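Residue numbers (our numbering): 455 to 988.
Have a look at the structure below before the remarks.
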Amino acid sequence: MRKYFLFQHLRQDLPASIVVFLVALPLCLGIALASGAEPITGLIAGIIGGVVVGAASGSTLGVSGPAAGLAVIVLNGIGELGSYELFLGAVIIAGVLQIVLGLLRAGVLAYYFPNSVIKGMLSGIGIIIFLKQIPHAVGYNRDYEGDLDFVQPDKQNTFSELLNMGDFLNTGSIIIAAVALAILLIWELPKVKGSKLGLVPGPLLAVISGIFLGLLFQGAGGIVMDTSFFIDLPELSLATALEVLPSPDLSGFGTLAVWKLGATIAVVASLETLLCVEATDKLDPYKRVTPTNRELLAQGTGNMLSGLIGGLPITQVIVRSSANIQSGGRTKLSAIIHGFMLLVSVLVFPDVLRAIPLASLAAILLLVGYKLTKPANMVQMWQKGPFEFIPYAVTILGVVFSDLLTGVMIGMGVGIFFILYNNYRLPFHIDSATMEPGKPLVLQLSEDVSFLNKAGILRTLNTLPKGAHVVVDASRSARLHPDVVEIIEDQITRGKQEDITIELIGLDRNERTKSSRKLGELMRQAKKMSLDKD
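Here it is in structure tokens:
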């Protein structure tokens, strides 16, 4: 039964896995290069992310592998510890800590990211992917594939690279990218998708066309395309791969610096994974929900294994996941197959992979980036109003001008500000039927009155004019925070001195906290004093 479920969408998952493989290969190599590690370490992480994490995860469309967001942490960590072998110990520790987080059910954090921030993250990443791939499409390959940060390792940035590329245009790359993009756009047409031609993945044809054009241009006069314009794959075989695999230095387990680095990797990798899980579920056309605690367990298992056999740390990654979704992937089989493809291809077909131009892969990612940040998505968020659009827009700007995690944290900050602002403005409902001369004004408290509501309630009660009569109705409140109770107590005391009547109803019936009962007693005393005065 399980076998049938796994393979029942093979027709959709196999073509999607090919696309994910084509996207993942240069990213694994590029991220390893940016991390100051050997290329094989990125391939190991990609293979484990696909095969091991893909199988263990509950995510149907998420794809895991080495992440650009960890490249700086890896580079600095290797430098601080003094060797890659010691760094691998930190990766193993990170995996163990992620498993602990999963057992502690820390995956619930994923559900606290607002939709506006998640959608802003997707649009921001789409813009970054698009902008970062333009130089590769015209033959300017100074920045590594997979970099999503605004400031690059060479101290350039996303926009300065767009200016610099004008001096390094390559005719062959431009033609290859244009042909590949034309094929991809044609394959997006409904007539082609619905025909037998649609059975062949458009990205695969785009890459094949790039291979043939690359071979043609290498022999054509006036067009120079050396190895820097193609995938740079190291010489590997099964025998040599086993020989060059780095081994972890387990003596680092007794070093505080290794544990600190392991904890840092665990936290950052878990946050990136949870963000990508939420984003992937949003993109899933079938709206399936990933079990986040299981995802942390899967990621932890993958990182432990990756550290043990010499690979980079792993997270779920949005570029490969979105490519999987856009290519029609239906189950996690596509992620698993892409991992096996990475393993087999680099050992069996390395020369074919070295013939793939970076420009044809850039064309694939240009389309991925555009689909993530369609103008229609921005219009839709605009129509939802400023409380949704502003966090969305701020997240986009944060992602584009910094990095994924920083951009999301900025967006979260703006989202929290609006939550606090709404709580300040709307801690209660005013019954319009009571807004008549001679009648007391009724303030109906909301169901959950927290300390966040203090400011709004204090502002309202503190500005009551002399002679005002207000009824604060707490009968519908399931929870009334003690801080709010204290504020109302203070206002009742103030009201006695300023001829203001504040009544509180609904507390005795619900028998909430001791503070609530104390307030009810205070109200009765105030009422008795008022009667005695009369």
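All C-beta atoms in this analysis are idealised placements derived from N, C-alpha and C, irrespective of residue type, glycine included.
Predicted, not measured: the structure shown is a model, and the values here were computed from it.
Tell whether a beta-carbon distance below 9 Å holds between residue i and residue j.
{"i": "Gly754", "j": "Gln945", "result": "no"}
{"i": "Val588", "j": "Phe794", "result": "Note on identity: in this sequence residue 588 is Ile, with Val being the wrong assignment. Cβ atoms of Ile588 and Phe794: not closer than 9 Å."}
{"i": "Pro688", "j": "Glu492", "result": "yes"}
{"i": "Val661", "j": "Ala634", "result": "yes"}
{"i": "Gly441", "j": "Ala499", "result": "With the chain running from 455 to 988 in the structure shown, residue 441 is simply not present."}
{"i": "Ala521", "j": "Glu732", "result": "no"}
{"i": "Ser705", "j": "Val474", "result": "no"}
{"i": "Leu859", "j": "Val722", "result": "yes"}
{"i": "Leu623", "j": "Tyr598", "result": "no"}
{"i": "Ile546", "j": "Gly626", "result": "no"}
{"i": "Leu602", "j": "Gly496", "result": "no"}
{"i": "Leu555", "j": "Ser724", "result": "yes"}
{"i": "Val938", "j": "Val896", "result": "no"}
{"i": "Leu529", "j": "Ser489", "result": "yes"}
{"i": "Ala720", "j": "Gly549", "result": "yes"}
{"i": "Ala817", "j": "Ala631", "result": "yes"}
{"i": "Lys736", "j": "Leu563", "result": "no"}
{"i": "Ile472", "j": "His792", "result": "yes"}
{"i": "Leu851", "j": "Ile864", "result": "yes"}
{"i": "Gly756", "j": "Ala510", "result": "yes"}
{"i": "Gly921", "j": "Phe882", "result": "no"}
Excluding the five sequence neighbours on either side, which residues of its own chain have a C-beta within less than 6 Å of the C-beta of residue i, listed in chain order?
{"i": "Phe541", "result": "Gly531, Ile532 and Leu535"}
{"i": "Gly652", "result": "Val646"}
{"i": "Ser518", "result": "Gly503, Val507, Ile768 and Gln770"}
{"i": "Thr734", "result": "Leu515, Gly516 and Ser775"}
{"i": "Phe604", "result": "Asn611, Thr612, Phe855 and Ser856"}
{"i": "Leu1017", "result": "Here the chain comprises residues numbered 455 to 988, so residue 1017 is not present and cannot be evaluated."}
{"i": "Gly580", "result": "Gly823, Leu826 and Thr827"}
{"i": "Arg963", "result": "The predicted position of Arg963 is uncertain, since its pLDDT is 48 and thus under 50; a value taken from the coordinates is nonetheless stated next. Once the five neighbours on either side are set aside, Arg963 has no close Cβ partner at all."}
{"i": "Glu965", "result": "Reliability fails at Glu965, whose pLDDT of 45 lies under 50, so the model's placement of it is uncertain and the value that follows must be treated cautiously. Answer for Glu965: no residue qualifies."}
{"i": "Gln466", "result": "Gly782 and Arg784"}
{"i": "Gly600", "result": "Leu481, Gly484, Ile485 and Ala522"}
{"i": "Arg742", "result": "Thr514"}
Could you pull out every residue in the same chain whose Cβ sits closer than 7 Å to the Cβ of residue i, ignoring the five residues on either side in sequence?
{"i": "Val868", "result": "Ile844, Pro845 and Val848"}
{"i": "Thr709", "result": "none"}
{"i": "Ala470", "result": "Asn778, Ser781, Gly782, Gly783 and Ser788"}
{"i": "Glu539", "result": "Pro700, Ser701, Pro702 and Asp703"}
{"i": "Phe671", "result": "Gly626, Ile677 and Met679"}
{"i": "Gly561", "result": "Leu728, Thr746, Asn747, Glu749 and Leu750"}
{"i": "Ile527", "result": "Thr718, Ile719 and Val722"}
{"i": "Glu842", "result": "Ser570 and Met835"}
{"i": "Leu468", "result": "Ile791"}
{"i": "Lys908", "result": "Asp937, Val938 and Ile941"}
{"i": "Gly949", "result": "Thr955 and Ile956"}
For residue i, I'd like the list of residues in its chain whose CB is within less than 8 Å of its CB, leaving aside the five on either flank, ordered along the chain.
{"i": "Phe684", "result": "Gly668, Arg808, Ala809, Ile810, Pro811 and Leu812"}
{"i": "Thr681", "result": "Arg808"}
{"i": "Ile494", "result": "Ala486, Pro688, Leu690, Ala695, Val698, Leu699 and Gly764"}
{"i": "Cys730", "result": "Gly516, Thr769, Gln770, Val771, Ile772 and Ser775"}
{"i": "Ile628", "result": "Ala591, Val592, Gly593 and Ala813"}
{"i": "Leu450", "result": "Because residue 450 is not part of the residues shown, which for the chain are 455 to 988, the question remains open."}
Starting from the Cα of residue i, find the closest Cα among the options and give me that residue.
{"i": "Lys714", "options": "Val562, Leu918 and Gly543", "result": "Gly543"}
{"i": "Ala591", "options": "Ala777, Ser814 and Gly852", "result": "Ser814"}
{"i": "His463", "options": "Leu934, Ala478 and Leu787", "result": "Leu787"}
{"i": "Phe872", "options": "Leu906, Lys893, Arg933 and Asp703", "result": "Leu906"}
{"i": "Met835", "options": "Leu563, Lys573 and Thr785", "result": "Lys573"}
{"i": "Gln951", "options": "Leu487, Pro919, Ala631 and Leu751", "result": "Pro919"}
{"i": "Ser691", "options": "Arg596, Ile640, Val800 and Pro644", "result": "Val800"}
{"i": "Leu821", "options": "Leu638, Lys893 and Ser663", "result": "Leu638"}
{"i": "Ile449", "options": "Gly578, Val806, Leu563 and Gly484", "result": "Nothing in the structure corresponds to residue 449, since the chain is present only between 455 and 988."}
{"i": "Arg933", "options": "Gly960, Met758 and Leu617", "result": "Gly960"}
{"i": "Ser931", "options": "Gly949, Thr914, Ser900 and Lys908", "result": "Ser900"}
{"i": "Ser1048", "options": "Val806, Gly921, Glu615 and Met619", "result": "Since the first and last residues shown for the chain are 455 and 988, residue 1048 lies out of range."}
{"i": "Leu557", "options": "Leu616, Ala752, Gly861 and Ile640", "result": "Ala752"}
{"i": "Asp621", "options": "Thr947, Arg596 and Ser649", "result": "Arg596"}
{"i": "Pro840", "options": "Ser929, Asn876 and Leu659", "result": "Asn876"}
Is any heavy atom in the ligand MG found nearer than 8 Å to the beta carbon of residue i?
{"i": "Ala478", "result": "Annotation note on the ligand MG: not contained in the displayed structure, which lists no ligands."}
So, do the stretch 567 to 587 and the stretch 654 to 663 have three or more beta carbon pairs nearer to each other than 8 Å?
Cβ pair count under 8 Å is below three, so no.
Note down, one range per segment and in chain order, each alpha helix (DSSP H) of at least 4 residues found wholly within the stretch 699 to 767.
Runs of the alpha helix (DSSP H) lying entirely within the stretch 699 to 767, each at least 4 residues long, are 710 to 737 and 746 to 763 in chain order.
Between the stretch 951 to 959 and the stretch 916 to 927, are three or more C-beta pairs nearer than 8 Å?
Of all C-beta pairs linking the stretch 951 to 959 to the stretch 916 to 927, three or more are shorter than 8 Å, placing the two stretches in contact.
If contact is defined by three or more beta carbon pairs under 8 Å, each pair taking one atom from either stretch, is the stretch 695 to 703 in contact with the stretch 815 to 831?
Touching, no, given that fewer than three Cβ pairs across the two stretches are closer than 8 Å.
Taking only runs of the alpha helix (DSSP H) that begin and end inside the stretch 822 to 897, which ones reach a length of at least 4 residues, in chain order?
Counting whole runs of 4 or more residues, the stretch 822 to 897 contains the alpha helix (DSSP H) stretches 829 to 837, 840 to 855 and 858 to 879.
Hey, which unbroken runs of the alpha helix (DSSP H) at 4 residues or more fall wholly within the stretch 569 to 606?
For the stretch 569 to 606, whole alpha helix (DSSP H) runs of length 4 or above, ordered along the chain, are 569 to 591.
Secondary structure, alpha helix (DSSP H): runs of 4+ residues fully inside the stretch 623 to 679
The stretch 623 to 679 contains these whole alpha helix (DSSP H) runs: 625 to 641, 644 to 647 and 656 to 672.
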